[in-house]
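Residue numbers (our numbering), protein chains in the order written: chain F, -7 to 621; chain H, 15 to 263.
Beta carbons: idealized from backbone N, C-alpha and C, even for Gly.
In this text the structure is predicted, and so the values were computed from the model without any measurement.
Only one structure is covered here, and it is reproduced in the block below.
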Amino acid sequence: MSTAKPTAIVVGGGLGGLWATLRLVEAGISVDLFALFEVKRSHSACAQGGINAVLDTKGQGDTVWQHIVDTIKGGAYLADQPPIKTMCEEAPGLIRTFERMGVTFSRTPEGLLDLRLFGGVKYKRTVFAGASTGQQLLYGVDEQVRRYEDQGLVRKHEWWEMLSLVLDGDGRCRGITALDLRSLQVESFSADAVILATGGLGLVFGKSTNSSNSTGAAASRAYQQGAWFMNGEFIQYHPTGMIGDDKLRLMSEASRGEGARIWTPRRAGDPRDPRSIPEDERFYFLEEWYPAYGNTVPRDVASRAIWKVVKHLGLGVRGEDRVYLDLTHLPADFVRRRLGAILEIYETFTGADPTETPMEIFPAPHYSMGGLWIDWEQDPATGGMKHGSPRNHQTSIPGLFACGECDGGYHGANRLGANSLLSASFSGRVAGESAAAYISGRSRAGRPDLEGVLGAEQRRQDEINRALLASDGPENPFALHRELGQIMTDKVGVERDNRSLDEALTGLADLQERSRRLGLDDRGPWANASLPYARQVQDMIVLARVIAAGARQRDECRGSHHKPEFEMEIPAGKFPGDPEFEEYVVRWKENNERWLKATVAQHTPEGPAVDFRPVDTSVLPPETPRDYR
Amino acid sequence: MADTIRFRIRRQDHPDSGPYWQEFAIPYRREHNVVSALLAIRENPVTIDGERVAPPVWDSNCMEEVCGSCSLRVNGRARQACSALVDTLEQPIVLEPMLTFPVVRDLLVDRSAMFDNLRRVKAWIDIDGSWDIHTGAPRISPQEWDLNYALSRCMTCGCCMDACPHFGLDRDFIGPAPLAQVLLMNSHPTGKYSRADRLHAIMSDGGLTDCSSAQNCVRVCPKHVPLTAAIGKLGRQTTAQLLRDIFGG
């Protein structure tokens, strides 16, 4: 075994996992790539609007520094800043690489990459491919991975689910166990390093904008085996979710970037057709409250504004949980060309034409800023992240790396639109390089023997499956998942309060107890979808407790985490220089002293143990508050 | 019956076992699509005869017609189940797997042939490596982009393959979706450097000439990928390649 060529395991085949795979292969390490389904179907495909990179081709004087500032402030200063700096600096290079891979980015009349405006930003900085950018980026790296697969450098294990990590006697990650989703056989696989690129956890909220495989189960499993989970309480609600029974489909932020306006009738319960409501009887609340950014304020700000209009002012359309997202004032052919793919989604699922009728939207759980805690190393020469350091993207478990949405870096308390495709790609690239450095820097001699551990872990997982299949418990996993979603949506949502969070924590502990008494309708030995689902539900509940516990601990408002009881509003009508504003800044800094810290949860049998860790603010010290007015 | 939605589902426990049919009814909701209805059945898998059975197995992920997972035959035609709104369908809604692919279980099929064929036709751009070389690809006009983007939206869902009279379990035909990707790669300003390799791959057995222009593929494609137009263009490219092979140049 020690003479064999080095190998790595990558779990997850979205943008992050595929980028990591490419960089590992290019470092001479062969990759076993595990995914729940064909990697081309990963949730990255759902990202619509674009990917941020400063190309400054619109005559606006955009700068990389401004991208760094926007990302840091967009995240309410909660993310470590050196990795953000490096990500923004290297974004244009990633775009150039994607372009060479053949990604069909939208073009200007001169044949260059076109740019569009996105939220939380004043310049056009978002590169896009129609309105299916994530799909196109994913296909670009999917094709490159297929090229390496064709050369025998990548072995895909599609339709396999990671069940657990294999840790050696030193506590190092040396492999995984995985379930063949067809034969239901558990196998263990060894590797010199493991990268998790397992995506988001929207399914913890029941209905969300996420794909139905975005359960967070793999991250939860790593957490339960000792990996720290950071900033779990920071869940982005996307302001413009479509209202749906089975899923909250997304209406891209690109719509607002291209000029869509959000409004609601000024009169509560106004029954009129929106098109017949005169301009002065429409409440364009984002434009009124945030004139500087208007409809392109960041997502947390927009979601809270919609929440306020609907829940506190009672102005939802027809008295329901919804407001209008209106494109009808724009030329239909322009809208079709720029946003065609997402308009199709709206039309298909609602039957209404968004170029004719305003769309109806409401905030929906969308993205987890939090995730597995990851290390990084600073380069003293640049102040950014040090290239090729094996510490980059390594979790608290040595040998285990994380990238993409399942890691907790980059976005702090709120992610800017079109920064997710960037962070998924960049972090995947870095994690691949970092794992390669980790592998080449470690001697293979004298490592604890693995054979016994591999077998024991495989047997442990087999036993869990056998017990579940034999169990005759009263709890239906599907019903339990619905209850989980209800608790999280009702009590850990856009606005939070400690009484509801206490109820959530009690409810979740109870759910966890009940999730040990499942009964499955399917006990079959072949392609049984109920068994993996049941295990995912169990692991989702564990993660939900981390999210709720972090939210309970954090008595402040920061980005997506909002507790009205602790809100410190910028004095209305006051700006820098006004004494009231400066006094606010003093209070804001005092609050940062206490709360500008990352939440870090560690698993214990009793539930999550939450602690705080300092945030590196060496690039842009927190001197000026976020202000989008 | 208006207050229920009725389904007739083709079941198959194992690739090697025979099929059988079961019927289900769930409470009517206007918003239901085929996947959300399957989710409702899954939670309470009782047939109309009152028998509690194993829930049907199927594949789905994004639920917004962009991942390509949930292709099945709905009332006889392959399409994405997530965007098949029950209100637009005749009942009982008949669900079958795409039988041009091997059945894994129930509605779940094995589409690895499609991905194998993407390999077979070398559907990638041969780049030096996935690092920044400080220059992008050459310019692409908006007109070229229009065609490329239309081709690049293929999500490998397999509907076109299921509708194609020449693709199937015991046949070698590459099928419309991977063929269209050849045109996409050949259209890229640097991808065309490997044009000959890809064209040779579709000029051999199971290649382009197996297409009889039945036009079924383009009719069922949920993303309106111009499949038949692409195959037509590839016909001209392969002819030109053949001449180059014979006469050089």
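(1) If you count every other CB in all the chains shown that lies within 10 Å of the CB of tryptophan 152 of chain F, and 16 or more means buried, which is it?
(2) With a threshold of 16 other CB atoms inside 10 Å of the CB of glutamate 102 of chain F, please say whether the residue is buried or exposed.
(3) Within 10 Å of its beta-carbon, does leucine 79 of chain H have 16 or more other beta-carbons around it, so buried, or fewer, so exposed?
(4) Give, in chain order, every unbroken run of the alpha helix (DSSP H) that is at least 4 residues long and sits entirely within the region 56 to 82 of chain F.
(5) For alanine 56 of chain H, return the contacting residues in chain F, with the cut-off set at a CB-CB distance below 7 Å.
(6) Provide the residue(s) that pair with glutamine 624 of chain F in DSSP beta bridges, ordered along the chain.
(7) Confirm, please, whether the CB-CB distance from leucine 193 of chain F to serine 204 of chain F is below 8 Å.
(8) For threonine 96 of chain F, which option in F:Ser244, F:Pro372, F:Leu130 and F:Ile76 has the closest C-alpha, if you only look at C-alpha atoms?
(9) Just to check my reading of the structure: serine 180 of chain F and leucine 392 of chain F have Cβ atoms closer than 8 Å, yes? What is that Cβ distance to the nearest angstrom?
(10) Suppose you measure from the CA of valine 31 of chain F to the CA of glycine 6 of chain F; what does that come to, to the nearest Å?
(11) My output table needs one value for cysteine 96 of chain H: the three-state DSSP class, helix, strand or coil.
(12) Cα-Cα, which of F:Pro556, F:Phe470 and F:Gly477 is closest to leucine 195 of chain F?
(13) By the DSSP assignment, the beta strand (DSSP E) with cysteine 165 of chain F in it spans what residues?
(14) Would proline 355 of chain F be called buried (16 or more neighbouring beta carbons within 10 Å of its own) or exposed?
(15) Report the option in H:Asp142, H:Glu45 and H:Ser83 whose CA atom is closest to the CA atom of glutamate 128 of chain H.
(16) According to DSSP, is methionine 77 of chain H part of a helix, a strand, or is it coil?
(17) Would you please state the rounded distance, in angstroms, between the beta carbons of phenylalanine 110 of chain F and glycine 400 of chain F? I believe it to be under 8 Å.
(18) Is there a Cβ of chain H sitting closer than 8 Å to that of glycine 465 of chain F, yes or no?
(19) Give, in chain order, every unbroken run of the beta strand (DSSP E) that is at least 3 residues long and sits entirely within the region 316 to 390 of chain F.
(20) Just to confirm, is the Cβ distance from aspartate 238 of chain F to valine 88 of chain H under 8 Å?
(21) Helix, strand or coil: which one does DSSP assign to valine 88 of chain H?
(22) With DSSP as the reference, label aspartate 124 of chain H as helix, strand or coil.
(23) What are the uninterrupted segments assigned as alpha helix (DSSP H) that are 4 or more residues long and contained completely in the region 180 to 223 of chain F, given in chain order?
(24) Can you name the start and end residues of the alpha helix (DSSP H) that alanine 210 of chain H belongs to?
(25) Alanine 71 of chain F to arginine 474 of chain F, Cα distance in whole Å?
(26) So alanine 684 of chain F and glycine 4 of chain F are in contact, right, with Cβ under 8 Å, and what is the actual spacing, rounded?
(27) At which residue ranges does the region 31 to 84 of chain H contain complete alpha helix (DSSP H) runs of 4 or more residues, listed in the order of the chain?
(28) Which residue marks the beginning of the beta strand (DSSP E) containing isoleucine 227 of chain F, and which one marks its end?
(29) Quick one: using the 10 Å Cβ neighbour count with 16 as the cut-off for buried, is tyrosine 207 of chain H buried or exposed?
(30) Please confirm if threonine 118 of chain F has its CB atom under 8 Å from at least one CB of chain H.
(31) For valine 108 of chain H, collect the residues of the same chain with a Cβ closer than 6 Å to its Cβ; drop the 5 residues on either side in sequence, then sort them by chain order.
(32) Name, going along the chain, the residues of the region 184 to 210 of chain H whose beta-carbon falls closer than 8 Å to a beta-carbon of chain F.
(33) My output table needs one value for lysine 589 of chain F: the three-state DSSP class, helix, strand or coil.
(34) Please identify, using Cβ separations under 7 Å, the residues of the region 75 to 104 of chain H that lie next to chain F, in order along the chain.
(35) For glutamate 495 of chain F, which residues from the same chain have a beta carbon less than 7 Å from its beta carbon, with the 5 sequence-adjacent residues on both sides left out?
(36) How is glutamine 26 of chain H classed by DSSP in three states: helix, strand or coil?
Here's the rundown:
(1) buried
(2) exposed
(3) The question names leucine, but residue 79 of chain H is glutamate in the sequence shown. Under this definition glutamate 79 of chain H is a buried residue.
(4) 56 to 66
(5) Before going further, note that residue 56 of chain H is arginine rather than alanine in the sequence given. The answer, in chain order, is Phe470.
(6) Residue coverage of chain F in this structure runs from -7 to 621, which leaves residue 624 of chain F outside it and unanswerable.
(7) no
(8) F:Leu130
(9) Contact doesn't hold; Cβ gap of about 15 Å is too wide.
(10) 6 Å
(11) helix
(12) F:Gly477
(13) 165 to 172
(14) buried
(15) The amino acid at residue 128 of chain H is misidentified as glutamate; the sequence shows methionine. If we check each option's Cα against that of methionine 128 of chain H, H:Ser83 comes out closest.
(16) coil
(17) In fact, because the Cβ distance is near 22 Å, the residues do not count as touching under 8 Å.
(18) no
(19) 351 to 360
(20) no
(21) strand
(22) coil
(23) 209 to 216
(24) 209 to 217
(25) 32 Å
(26) With chain F covering only -7 through 621, there is no way to say anything about residue 684 of chain F.
(27) 48 to 57
(28) 227 to 234
(29) exposed
(30) no
(31) Arg22 and Asn89
(32) Leu198, Met199, His202, Thr204 and Gly205
(33) strand
(34) Asn75, Cys76, Met77, Glu78, Glu79, Val80, Cys81, Gly82, Ser83 and Ser97
(35) Lys483
(36) strand
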